[in-house]
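Numbering (my numbering), first residue to last: 61 to 546.
Shown next as structure tokens:
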């Protein structure tokens, strides 16, 4: 049986054909969005869905026998308002858009409210989450909640375009800031506070739920209507599934545009201290506990823009670092918060930059410190998870970082364990396809999905790096807000 997989990430559209019975990839295509469609912070959701239709049509190339369509997208880390004709009222805002900081601050000012919300939803109040994006959008557009027909994020908007049904999986909605992580229902008290009624929200469904392909979407893809479509999956959760990460003790470390650490368990893990991880729902009564950072590849892109360098210059800089054994102990320290902070401090207004900077530092020093600072932030998050009992037996690493041997070695040295290099391309889309294979009956459980790393990066003893991490913590704490925004 043939599965068509379609994914809308923050930067590109992807399409995959997969033979479920033979468990093999048939064909694959990807297409970066034109900048006018998506600029990391905002997206035109209608145009994004059209890009998916076009790419899917191109990949199918006349094929009409498709047994299942699966969709994947970013978590519910975005927000868009829709009118009565289901047209977006302006652009969709993603996790990288921090304008909702003003709304978040109003929640943080109420004593005990932030902690109560976190313990119910698994999401600390933050601009990342759709709930706060919706409230800020209402404010910016001068609208009252009752003037909006529907509140959506990218996953349920895409599903609507394919099925004409307003549905969202508990997997993706668990990262909206408005779903109870324990009973997997919308949090009514947060809805009441915002003035949002249940009929303005997408219906929550299981991650294995399907609906038939609608007429307009079928025409756009060149397929017959009625083909079952799996409800949109969340890229992070699907990535975890693709690498066998529903098994206990497997931590995935993803370093792409943003960074993330994830480890699965049979219950949510929630911090009682001021520094917070997050807990989202995965599938099959497994929760994904983790942490995410805004500053990863986004900081590298910023660095390249700062120097006016092409992307290809990263290889030149890596070669220079290799000549110095991949470590510059005299480099400045970098705080990767140009796009605000998610984990562990959740301060959306936090600023980033270099510390201990002097005239002797050159372009290579600054480049190295960006690589290092991104990893320091992620390592800090991993220690928090370990304190909660979410320590890993092994770590699997993926994302753009795998293109840089220097960055990979630095990560292994810092985390102090061998890092399994996943050989899976487009793992999040493949994870959605694995859920599809279960729906088709080719898998009885998602825990059957296994992955053997292509290779391992082994750590070296690195006392200098450990010392620099302590210096990073000093600057992290020194530059924190005087009044913690929690």
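In this text, a Cβ means the ideal position worked out from N, Cα and C, and glycines have one as well.
Terminal residues of the alpha helix (DSSP H) in which residue i lies
i, result
"residue 248", "248-254"
"residue 215", "214-223"
"residue 105", "105-120"
"residue 180", "173-181"
"residue 163", "161-168"
Candidates the options, of which the one nearest residue i by Cα
i, options, result
"residue 303", "489, 152 and 265", "489"
"residue 530", "480, 432 and 457", "432"
"residue 159", "473, 199 and 142", "199"
"residue 320", "256, 434 and 415", "434"
"residue 290", "218, 85 and 324", "218"
"residue 509", "381, 299 and 460", "299"
"residue 343", "337, 311, 390 and 234", "234"
"residue 278", "88, 72 and 125", "125"
"residue 332", "195, 487, 514 and 178", "178"
"residue 358", "367, 398 and 329", "398"
"residue 313", "479, 77, 95 and 127", "479"
"residue 112", "138, 71 and 83", "71"
"residue 249", "181, 316 and 189", "181"
"residue 149", "156, 155, 157 and 139", "139"
"residue 229", "283, 143 and 130", "130"
"residue 514", "491, 152, 499 and 482", "482"
"residue 147", "409, 176, 104 and 154", "104"
"residue 151", "346, 99 and 445", "99"
"residue 323", "183, 206, 316 and 339", "339"
"residue 327", "306, 76 and 521", "306"
"residue 69", "486, 541 and 202", "486"
"residue 162", "114, 187, 275 and 526", "187"
"residue 336", "406, 372, 325 and 287", "406"
"residue 82", "467, 535, 206 and 501", "501"
"residue 354", "412, 341, 491 and 251", "412"
"residue 75", "133, 95 and 96", "133"
"residue 360", "441, 472, 192 and 430", "430"
"residue 116", "64, 175 and 80", "64"
"residue 192", "166, 523 and 491", "166"
"residue 449", "154, 137, 525 and 329", "329"
"residue 297", "168, 173, 506 and 254", "506"
"residue 212", "204, 154 and 169", "154"
Those residues which DSSP pairs with residue i across a bridge
i, result
"residue 197", "According to DSSP, which records beta bridges pairwise, residue 197 is partnered with nothing at all."
"residue 295", "DSSP, once it has assigned bridges, lists no residue as partnering residue 295."
"residue 211", "141"
"residue 227", "263"
"residue 79", "62 and 84"
"residue 348", "324 and 340"
"residue 67", "74 and 132"
"residue 353", "319"
"residue 98", "103"
"residue 415", "393"
"residue 239", "246"
Supposed close pair residue i, residue j - CB separation, criterion 8 Å
i, j, result
"residue 309", "residue 454", "7 Å"
"residue 273", "residue 285", "5 Å"
"residue 559", "residue 270", "For the chain, the structure presents residues 61 to 546; residue 559 sits outside this window and is missing."
"residue 295", "residue 135", "7 Å"
"residue 422", "residue 393", "The pair is not a contact, with the Cβ atoms about 16 Å apart (cut-off 8 Å)."
"residue 231", "residue 263", "Their Cβ separation, rounded to whole angstroms, is 14 Å, which puts residue 231 and residue 263 out of contact at 8 Å."
"residue 548", "residue 268", "Beyond the ends of the chain as shown, which are 61 and 546, falls residue 548; an answer cannot be given."
"residue 352", "residue 403", "6 Å"
"residue 89", "residue 114", "Between residue 114 and residue 89 the Cβ distance is about 10 Å, and since that is not below 8 Å, they are no contact."
"residue 381", "residue 466", "5 Å"
"residue 471", "residue 493", "With a Cβ gap of about 28 Å, residue 471 and residue 493 do not count as contacting."
"residue 525", "residue 443", "15 Å between Cβ atoms; not a contact."
"residue 254", "residue 315", "Their Cβ separation, rounded to whole angstroms, is 34 Å, which puts residue 254 and residue 315 out of contact at 8 Å."
Start and end residues, beta strand (DSSP E) containing residue i
i, result
"residue 409", "Where residue 409 is concerned, there is no enclosing beta strand (DSSP E), given that its DSSP letter is neither H nor E."
"residue 429", "Per DSSP, residue 429 belongs to no beta strand (DSSP E); it is in the alpha helix (DSSP H), 423-447."
"residue 86", "84-92"
"residue 132", "128-133"
"residue 149", "Unbroken run through residue 149: none, as it is neither H nor E."
"residue 319", "319-325"
"residue 311", "310-315"
*Where in the region 365-404 do unbroken runs of the alpha helix (DSSP H), each at least 4 residues long, occur, reported from the N-terminal end onward?*
373-382
*Run through the region 263-308 for me and flag every whole beta strand (DSSP E) of 3 or more residues, listed as ranges in chain order.*
263-265, 270-272 and 288-294
*asked:* Suppose only complete runs of 4+ residues qualify. What are the alpha helix (DSSP H) ranges in the region 437-522, listed by chain order?
replied: 465-475 and 487-500
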